[in-house]
Every structure is written in C-alpha cells, then in structure tokens.
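If you want our numbering, it's the 1-based position in the sequence shown plus 1.
Structure first, commentary second.
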Amino acid sequence: MAKVIMIQGTMSGAGKSLLVAGLCRIFHQDGYRVAPFKSQNMALNSFITREGLEMGRAQVLQAQAAGREPEVAMNPILLKPMSDVGSQVIVNGRVQGNMSAKEYFSYKKKLLPAIKEAYDKLDAENDIIVIEGAGSPVEINLKENDIVNMGIADLVDAPVLIVGDIDRGGVFAQLVGTMVLLEEEEKKRVKGLIVNKFRGDRAILEPGLAMLEEKSNCPVVGVIPFVPLALEDEDSLTTRLSQQKTDASLDVAVIRLPHISNFTDFLALENQEEIGLRYVARPEELGVPDLIILPGTKNTFDDLRWLRVNGMETAIEKAKQAGTSIFGICGGYQMLGKTLYDPDCVESGGQMAGLGFLPMETVFSAEKVRTRVHGQFGLLTGSLAKLSGKTLSGYEIHMGRTITLKDETLPIVTNLTDDASGEQKEDGAYASDVYGTYVHGCLDDASVLQALIETLADKKGISFEKRAVRSAEQMREEQLDLLANTVRNGLDMDAVYRILGINRENKS
2 MAKVIMIQGT MSGAGKSLLV AGLCRIFHQD GYRVAPFKSQ NMALNSFITR EGLEMGRAQV
62 LQAQAAGREP EVAMNPILLK PMSDVGSQVI VNGRVQGNMS AKEYFSYKKK LLPAIKEAYD
122 KLDAENDIIV IEGAGSPVEI NLKENDIVNM GIADLVDAPV LIVGDIDRGG VFAQLVGTMV
182 LLEEEEKKRV KGLIVNKFRG DRAILEPGLA MLEEKSNCPV VGVIPFVPLA LEDEDSLTTR
242 LSQQKTDASL DVAVIRLPHI SNFTDFLALE NQEEIGLRYV ARPEELGVPD LIILPGTKNT
302 FDDLRWLRVN GMETAIEKAK QAGTSIFGIC GGYQMLGKTL YDPDCVESGG QMAGLGFLPM
362 ETVFSAEKVR TRVHGQFGLL TGSLAKLSGK TLSGYEIHMG RTITLKDETL PIVTNLTDDA
422 SGEQKEDGAY ASDVYGTYVH GCLDDASVLQ ALIETLADKK GISFEKRAVR SAEQMREEQL
482 DLLANTVRNG LDMDAVYRIL GINRENKS
C-alpha cells in the first residue's frame, strides 16, 4: 500500500500542478516509485497514452517527472469544455458524451467507483502517490458530492498541504481564509501550508509566516521562490498565450483561437532562441510573419466562424499572398480544406466552407481517433522542404476524417505508424507553402526543430551559427530537474516525509 499526500490550493493557479510535479521528481530522485493522481481535471490540453486513452497533460507532465509512462489511472476523469456551460466528459480515457454543467453536477457522484478503482490501481503499484486537488476546497457551491478536493482526501485518507500564491497578492488572507472556511474534520487533515512563487528576501517574510501559523493554527512547511520555468501549465490560466517574443530573427505567429487546444505543441518552438513565437488574436496584430500556425481546437466550426467574423481569415490570406508559409495541426489542419461536414452534429451540425488552401474535405463523426504514432515527413517542396525525411512522433486526437480531393495531392507525413497496432498510413497534405497534419507533437524532435529553423532562415535569406538544438523532451527534463531543486530547497522535506509517514533513515 502506497503512502499518500495531497496538494490543495487556495485558488486555481496557485501552483498545485507544478508543485505536484516537483514532488514527484524529488521522490523519484530519492529512489521511490511514485505516481501522480488527479481524480478530475478540466483542460483542453490532453494526451494519448500508449493504450490509446485520453488524459490531461498536467498529469502527463507529473508522470514524466516521476520517471513513469503516463497512464489514464492518474487522471480518470477529464472534462474538455465545449462552451461556457458544457463539457465533453471523458472517463478512463474514453468519451462518455457531452454534458451541461448542471447535468454533470448531478452525475459526478456516479463516477466515484471509477475514481476509486483508478486510485487503487496506483496504490498497489507505488510507494508514494501525490494527489492534486482542483481550484479551492472551500468553494461552497461545489462542495456537495466533492470528488476532487476534501472528498478525495477523505476517500483515501490523505494528509493535505495547502498552497497559496503570494505573487498574485493576498496570500495570508488566502491561506487563513481557506482554513477558516474548512469544516473541523477537514482542518484536521491539513498538515501544513505552503507559500508559493515568493520573490525577495525570506527574512522579511518571517513575521508574516509567524502570524500565519498563529491565525491558522497550522505550520508553514515551505516558502517556494518564484523561478521562471519553460514547462507546461494549466491551459485555463496560462499566461503563455499573452506573451510576445519579438526580438528574435524568425517570426512565427500562432492564431489564438477561442477554443485553442494542445498549444503544448509549440512549447519547443517557444524555447528556440532564433524563433519569436507569438499568439495572435486580432488581425491587425498578424502582419507578415515567416510562418503562421493554425493550432488544434475543441470546436473547429465555431473557431472557423470566428476567423471570418473578426477578419482573421482575410489577414491570413493576405499574409499567404505576401509569402508567409502556413502550417495547420489537427483542427487547424481541418480548417485548411475546402469544406467541413458535420452530419451527426458532433459540433455545430451542417457544413461550412474551409479556408480553401488545400484540396480536401473533412467529415465529422462521433468516433474519436485516439492513437500514439511515429513516422517521417515525406518529400516536401516549398519553404519547408528541409523537413523532408525527418522523423517525428506524437499522437492523434480528433473526431473528423479528412480526405483529399485530387489524386496528385501529396501527404505531408508518410509511414505514419500506430504505436499500438503497427498499422501504417499516410497523413496530412501540402500545396503551395501550406502544410497540414493531424499529428500533435510533430515539431518536438530535435532534427525537426533544426530543419524548421534552417528552412525558414533560408527563405528569409539569413543564416545562424550552427548549434545543437535540444528536443522538447531534453528541455523538459532539464526544467523538471530545476523545478525539483527549487521545491526541495523551499520545502521542509523532512516534514513532508514525516507527514507521509516515511522514515528516511530506513531508506536503503
């Protein structure tokens, strides 16, 4: 049976996800078999496991921090918002259907057996489980039939640490207020408080920490300094989409769709010094970049309609005519075709004209494609020709089938192999400096990043000094070690191990 500890927060964005990832890396470094667990996650950034099951990327990052292959038991319930009042409900990696917030609130208690089964699987296989809560444990309107905060802590008898974000201000009120609003039995579960994202001299903070302990009747077990990290964060609260890097030689613009999903596809690009990656939501911001990327989306029809209404479609067309290359991934790839059909009302129903850049059409169906894949770019022409033959790996996750309308249309990816079944196919299409594929993560490999930088630079008539480009995986591992070092230095790890009930002196 595993030891367990749970990280809850004073609010969304307090840093729970990365703190869990840091603890997972620390326990892994200390020689324990550790797994993350979040009973319910709400996110548009998702991932496909080796078994073809869908889970939230926050738990994927935490699993990677733990040196583990991600598995759906780490995140048995995933909610993917379809609108402001409804979500696609995914249980144990498989779509159960779409529900309004009201419907789900009534339904969620029925998911407790699935949650407990997933937890028990991890419990039998690990030394330590680190659980992540969601939002705040004292959101009064959501406490009934809670399946993600104190309800889970009670279900698995987990001690709790509560983290507050001092960088956003009001951390003392956050933490004391949370403790005041907890029920008496819940307060007994809380074994420590954590101040996160601290900037400055800790000595100046000490009087406040003493008062915090007095007012909350709970010890402060850590003050974690603010450290900029190039790691995935929760998509609902990320500041990444508002960041603008404009001092690099190559200008890459990602269209910030209203329902943008899996923008983790571009994290590796963000971290290349030659590339200035920016997210663009208004046509006047677009200009004539070297590359426009149309990203994935949870609602292709609505976001395509948004492109038209706000003038972004016209801006993209003008940039294309001026020589900008265009690359679409998943929903962005679907938009590049001539027509999209939704006969089963998977999204909005009916049909809609696409951007018309590629001779293809997409038909939506209720069956979701979920698979891990690997392959290579085909023999490409145009501005991205240097990608030809480069190997890639990633995953597909979509609810549409795309077919090309001309026999001479060439695929962008060849020998695309399903990791589970071994089946091979071709994927995507390209024509006239417009490229598209269903494969998320296709730009993560070091050789692909190198080729993309070189081919865009060649087109622009500039050159860079050769350097070793790191893959997304290499950069992630470095950042996870930095995170673990930061968390280890900021937390009283002796206290954390005591709370877990682990005697470090007995660890061989």
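Built from N, CA and C at the ideal position, the CB exists for glycine as well.
Bear in mind that the values here come from a model prediction, so they are computed numbers and not experimental data.
- Taking 8 Å as the upper bound for CB-CB distance, G165 and L176 are in contact here, some 5 Å apart.
- By the Cβ test, the region 299-308 is in contact with the region 347-362, since at least three Cβ pairs between them sit closer than 8 Å.
- In terms of CA proximity to F465, A452 leads the group Q475, R477, A452.
- Nearest Cα to N416 within the set Q377, L381, G395, K391: Q377.
- Between the region 94-109 and the region 12-22, the count of C-beta pairs closer than 8 Å stays below three; the two stretches do not touch.
- In the displayed model, R283 falls within coil according to three-state DSSP, outside both helix and strand.
- A Cβ-Cβ contact shorter than 8 Å links A3 with I130.
- Look at H29 here: in three-state DSSP terms it is helix.
- The Cβ atoms of M75 and L123 sit closer than 8 Å to each other.
- Listed in chain order, the non-local C-beta contacts of P138 below 6 Å within the same chain comprise Q9, N150, M151, local neighbours out to five positions each way being set aside.
- In the same chain as S326, and ignoring 5 residues on each side of it, the C-beta atoms closer than 8 Å to its own belong to D291, L292, I293, G383, S384, L385, D434, V435, Y436, L457, K460, in chain order.
- Per DSSP, the unbroken alpha helix (DSSP H) holding G152 starts and ends at 151-157.
- R402 sits in a strand when the DSSP states are folded into three classes.
- In this structure, the straight-line span from the alpha carbon of P37 to that of T403 is close to 36 Å.
- Burial state of P344 is exposed, judged by a 10 Å Cβ sphere holding fewer than 16 other Cβ atoms.
- DSSP links M100 through a beta bridge to S88.
- In this structure, I225 sits near I195, with a CB-CB distance shorter than 8 Å.
- One Cα belongs to N93, the other to K319, and the distance between them is close to 44 Å.
- Collapsing the DSSP output to three states places V139 in coil.
- For T392, DSSP records a beta bridge to Q377.
- The region 196-205 makes no contact with the region 29-47: fewer than 3 CB pairs, one atom from each, lie closer than 8 Å.
- By the C-beta density criterion, P208 is exposed, having fewer than 16 other C-beta atoms within 10 angstroms.
- As the crow flies, the alpha-carbon of N486 is around 11 Å from that of E479.
- Between D266 and G442 a beta carbon distance of about 6 Å is seen, short of the 8 Å cut, so the two are scored as contacting.
- Within a 10 Å sphere around the beta-carbon of E285 sit fewer than 16 other beta-carbons, which makes this residue exposed.
- A430 is a Cβ neighbour of M361, given a cutoff of 8 Å.
- In the structure shown, I167 falls within a helical segment according to DSSP collapsed to helix, strand and coil.
- Nearest in C-alpha terms to N142, of all of D168, A115, A102, I116, is A102.
- Only residues of its own chain outside the window of five on either side were considered, and among them F378, S448, V449, A452 have a CB closer than 6 Å to the CB of K391, listed in chain order.
- At least 8 Å separates the beta-carbon of L230 from that of V253.
- For A211, no beta strand (DSSP E) run applies; the uninterrupted alpha helix (DSSP H) run containing it begins and ends at 203-217, by DSSP.
- For A452, the uninterrupted alpha helix (DSSP H) segment begins and ends at 447-461.
- Counting only the Cα atoms, T410 lies some 52 Å from M7.
- For E427, the uninterrupted beta strand (DSSP E) run begins and ends at 425-428, by DSSP.
- Here D493 has V222, G223 as same chain residues with Cβ atoms under 7 Å from its own Cβ, once five neighbours each way along the sequence are excluded.
- One alpha carbon belongs to M212, the other to P220, and they sit about 10 Å apart.
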